[in-house]
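The sequence shown begins at 277 in the working numbering and counts up one residue at a time. Here's the structure, in structure tokens; my notes come after.
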Amino acid sequence: MEVAGMRKASSHASMAAAAADPDDFDLTRMLNHRPRINVDRQRSFDDRSLAELSISGTASRGGGGGGYPAMMESYESMYSPGGGLRSLCGTPASSTRLSFDPHPLVFDAWDALRRSLVCFRGQPLGTIAAVDHSSDEVLNYDQVFVRDFVPSALAFLMNGEPEIVKNFLLKTLLLQGWEKRIDRFKLGEGAMPASFKVLKDAKRGGAERLVADFGESAIGRVAPVDSGFWWIILLRAYTKSTGDLSLAETAECQRGIRLIMNQCLAEGFDTFPTLLCADGCCMIDRRMGVYGYPIEIQALFFMALRCALLMLKPDAPEGKETMDRVATRLHALTYHMRSYFWLDFQQLNDVYRYRTEEYSHTAVNKFNVIPESIPDWVFDFMPSRGGYFVGNVSPARMDFRWFALGNFVAILASMATPEQAAAIMDLIEERWEDLIGEMPLKISFPAIESHEWEFVTGCDPKNTRWSYHNGGSWPVLLWLLTAACIKTGRLKIARRAIELAEARLARDGWPEYYDGKLGRYVGKQARKLQTWSVAGYLVAKMMVEDPSHLGMISLEEDRAMMKPVLKRSASWTV
277 MEVAGMRKAS SHASMAAAAA DPDDFDLTRM LNHRPRINVD RQRSFDDRSL
327 AELSISGTAS RGGGGGGYPA MMESYESMYS PGGGLRSLCG TPASSTRLSF
377 DPHPLVFDAW DALRRSLVCF RGQPLGTIAA VDHSSDEVLN YDQVFVRDFV
427 PSALAFLMNG EPEIVKNFLL KTLLLQGWEK RIDRFKLGEG AMPASFKVLK
477 DAKRGGAERL VADFGESAIG RVAPVDSGFW WIILLRAYTK STGDLSLAET
527 AECQRGIRLI MNQCLAEGFD TFPTLLCADG CCMIDRRMGV YGYPIEIQAL
577 FFMALRCALL MLKPDAPEGK ETMDRVATRL HALTYHMRSY FWLDFQQLND
627 VYRYRTEEYS HTAVNKFNVI PESIPDWVFD FMPSRGGYFV GNVSPARMDF
677 RWFALGNFVA ILASMATPEQ AAAIMDLIEE RWEDLIGEMP LKISFPAIES
727 HEWEFVTGCD PKNTRWSYHN GGSWPVLLWL LTAACIKTGR LKIARRAIEL
777 AEARLARDGW PEYYDGKLGR YVGKQARKLQ TWSVAGYLVA KMMVEDPSHL
827 GMISLEEDRA MMKPVLKRSA SWTV
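As structure tokens, this is what we get:
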């Protein structure tokens, strides 16, 4: 019998070779038992490392022959194509996955997700931000947001329904080609929309048309820097899930990737490989002091660069040149992020002892961070075991706040070294009450308040302390936490967080976010039936059931990036 929103299932025995604690196992043991598939695959995009696609660009794109390189002995080999066996939650099943009975909440979640579907000319195209009809003020919650659709897309891919994702990728690619203006200023060709909606044109007999927002209607009029990155990441996830290389290899998709890359890699006055951004240009879409080089954008930029390098064709127009530029930037960005954004107990102690006003390329305190600017809370927050990527680093400024999305994407993209990834998970365990609380999980920590809140947010009534982006708890982040847990072999953390969410989400009506230091209260302006809260839960559940799904959104560390040429005390200009 088939339940609404779910596929027929067949169960397999869980791993007999799991460690004494089945939640904390090494997923590399699973790789000798790959999921069965029913599609003929060429050599995967991800089989090619930066060593092959080096700055010199001596290697060409892999074809269909040859064996898999050593890199396939990693999470990258854990693709989950459509077809084949189905699991209890309707997802492609691995013969080694952990099995369990689906929670009743899963069925409610699928029903809610399907109610959020948007169709364009008879074809499903995306999911609206929220189905909440309790508020008279719709604002833009009735639109399909690029970033919001990502967890929905992953849920559909894991459930063997790739067509909606393909439709979304193609239609947003079409929107990229529109002329984009804010007042009299024209945006770059590569800009992707923040959102779009389907309207019926009464003058044309109710014919449907798409209307996109590139930031010209957004609060604060900020263009979404992250949209293009999420589009590239989702294109790669679609390719990994279906085994279909043809979509990414079309001339239109190749051009779309190149336009995004050209906009990000354009030469300017930058002295760093990071991407300079305005405040409010990502998930944190209101003024929150994340201007400059926010960790969320840098991690997404890094992952998009890697995905683009894997999908670009060297024989396409400008393909080889773009690949060389991407590889060059990746080498510099890898070193920069791992060296200057990383903070653990030892590095905090080093910053605390920094000398200032250093001159010449031998300077250790390259950004002239003043030790007195370190906030008091950091010294108590930083455990002896653990670490994280700080929120922002720029001249004379280091934002010590924790931002969840950037750190989890850093793990998934392997921007974090394996040691750094483990340290981030150690921090989650050590500071559970602060970062998880009673509802997973904090988008940022700690909250800013008092005069700092007035100055940083401009007295934003929505971003008061422990609310919304200012220390609020967002259930959508559950899927990113779960993916990071699986990649680092810390499933116990994911299971515990999912159990916390299951105790409240349906009862509270799937809210957008929670307020309070522990996340105990439904957010004061939170919409109900928030689609990505629903989808984030579903993706987390399906990944825990079948960890091979991780291959859609995880990239293994490239050996070419592991050993930076430069030492920390040397100038990057040498």
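Cβ atoms here follow ideal geometry from the backbone N, Cα and C, with glycine treated the same way.
Please name the residue, chosen from the options, that lies closest to residue i on a Cα-to-Cα basis.
| i | options | result |
| --- | --- | --- |
| D675 | A584, F721, L703, L486 | F721 |
| E778 | I762, G765, G812, D710 | G812 |
| D784 | E832, V798, L754, K763 | V798 |
| E484 | I404, Q399, F545, D502 | Q399 |
| W786 | D384, I829, I509, G667 | D384 |
| K596 | M537, F421, M559 | M537 |
| L430 | A513, R480, D502, A770 | A513 |
| A527 | H637, V627, L450 | L450 |
| P694 | V414, G519, E832, E455 | E832 |
| Y790 | Q696, M587, L711 | L711 |
| V685 | T403, V498, W506, F432 | W506 |
| L541 | V602, D459, E437 | V602 |
| D834 | F578, N443, C558, I573 | F578 |
| K589 | R677, S522, G565 | S522 |
| Q452 | E439, L486, E437 | L486 |
| I495 | M559, M587, T638 | M559 |
| G682 | V382, F545, L781, F617 | F617 |
| V394 | T403, D387, W386 | T403 |
| K718 | P751, N644, Y635 | P751 |
| Y504 | E492, R531, V422 | In the sequence under discussion, the amino acid at residue 504 is Gly, which differs from the Tyr named in the question. Residue V422 is the option with its Cα nearest to G504. |
| T610 | Q696, R771, D418 | Q696 |
| P438 | D626, D520, V669, E455 | D520 |
| G734 | V441, Y635, G556, L688 | G556 |
In terms of DSSP beta bridges, what is residue i paired with?
| i | result |
| --- | --- |
| Q399 | F396 |
| V669 | M674 |
| R485 | L475 |
| A406 | Q806 |
| S720 | F679 |
| F421 | S471 |
| V798 | Y790 |
If the criterion is Cβ atoms closer than 8 Å, does the pair residue i and residue j meet it?
| i | j | result |
| --- | --- | --- |
| S246 | G713 | For residue 246 there is no data in the structure shown, the boundaries of the chain being 277 and 850. |
| Y567 | A554 | yes |
| K817 | I774 | yes |
| K447 | F396 | yes |
| Y744 | I700 | no |
| L551 | V426 | no |
| L851 | L389 | Absent from the structure is residue 851, since the part of the chain shown begins at 277 and ends at 850. |
| G792 | W729 | no |
| T515 | A524 | yes |
| R614 | P549 | no |
| I724 | I769 | no |
| R562 | K738 | yes |
| M564 | N746 | yes |
| I508 | A580 | yes |
| Q539 | G466 | yes |
With DSSP collapsed to three states, give me the class of residue i.
| i | result |
| --- | --- |
| E634 | coil |
| V426 | helix |
| E492 | coil |
| D834 | coil |
| S522 | coil |
| I458 | strand |
| V441 | helix |
| N308 | Legend: pLDDT at N308 = 38, less than 50; position of this residue unreliable, value from coordinates given subsequently. Of the three classes helix, strand and coil, the one that applies to N308 here is helix, per DSSP. |
| L619 | strand |
| K804 | coil |
| N746 | strand |
| F679 | strand |
| A779 | coil |
| A628 | Residue identity differs from the one stated: residue 628 is Tyr in this sequence, not Ala. Here Y628 sits in helix by DSSP. |
| C540 | helix |
| C529 | helix |
| Y664 | strand |
| C583 | helix |
| L433 | helix |
| G713 | coil |
Report the CB separation of residue i from residue j in whole angstroms; it is logged as a contact under 8 Å.
| i | j | result |
| --- | --- | --- |
| I533 | A584 | 5 Å |
| P659 | R707 | 7 Å |
| W808 | D502 | At roughly 14 Å, the Cβ-Cβ gap does not stay under 8 Å, so W808 and D502 are not in contact. |
| V407 | S392 | 5 Å |
| I829 | F679 | I829 to F679, Cβ: 18 Å. No contact. |
| G662 | D620 | 7 Å |
| G401 | V420 | Reading the sequence as shown, one finds Leu at residue 401 and not Gly. Indeed, because the Cβ distance is near 7 Å, the residues count as touching under 8 Å. |
| V654 | L624 | 7 Å |
Quick check: does the Cβ of residue i come within less than 7 Å of any heavy atom belonging to the ligand NAP?
| i | result |
| --- | --- |
| I508 | Of the ligands one can find in the structure shown there are none, so the ligand NAP has no counterpart to examine. |
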